[in-house]
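A short write-up of the structure that comes next.
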Amino acid sequence: MKPFDYVILRAAPRIQRGEFINVGAVLYCRALDYLGAGWDVKRERLLALDPGVDVDVVCASLEQVRAICAGDPVGGPAAATSIGERFRWLAAPRSTVVHPGPIHSGITTDPAAELERLLDAFVR
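Residue numbers (numbering that gives the first Met the number 0): 0 to 123.
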């Protein structure tokens, strides 16, 4: 069993209201050199918070998170950093439509399966 850290990604179309829905997760397991992200946006739930939200922009933001995790240059300068730096950058608090919740920890032998479990438990 290896320790990991994760954050749940939240979408808050009107951040000033403090309302959000969980839309994804990022999981980092240093011991297994793993950084992954997954997401599942429920359009109708997001529109219930703000009928004017651009759901495509939210999904594009989540794709950028996935690119950063993968070290893909499409993710911008953050994607070029070390795996640990990428997780810390993604987990840093920010006031944007898509932002991370608090960092939590766990233990696993299969981080990719754990990421799917987190998505099932907190997002889907």
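In this text, a Cβ means the ideal position worked out from N, Cα and C, and glycines have one as well.
Bear in mind the structure is a predicted one, so any value in this text is a computation, not a measurement.
- request: Return the chain-ordered list of same chain residues with a C-beta closer than 6 Å to the C-beta of H128, the five sequence neighbours on each side being excluded.
  value: In this structure the chain extends from 0 to 123, so residue 128 is not present and cannot be described.
query: Since C28 sits in a beta bridge, which residues does DSSP pair it with?
result: Taking the first residue of the sequence shown as position 1, residue 28 is located at position 29. Paired residues: Y33.
message: Which of the three DSSP states is assigned to A111 in this structure?
response: Sequence index remark: in the sequence shown, residue 111 carries index 112 (1-based). If DSSP states are grouped into helix, strand and coil, A111 belongs with the helices.
- request: Identify whether V40 lies in helix, strand or coil by the three-state DSSP scheme.
  value: In the sequence shown, residue 40 corresponds to position 41, counting from 1. Residue state, collapsed to three classes: coil.
field: Cα-Cα separation, G74 to L89
entry: Residue 74 sits at position 75 when you count from the first residue of the sequence shown. Residue 89 sits at position 90 when you count from the first residue of the sequence shown. Looking at the two C-alpha atoms, the distance is approximately 11 Å.
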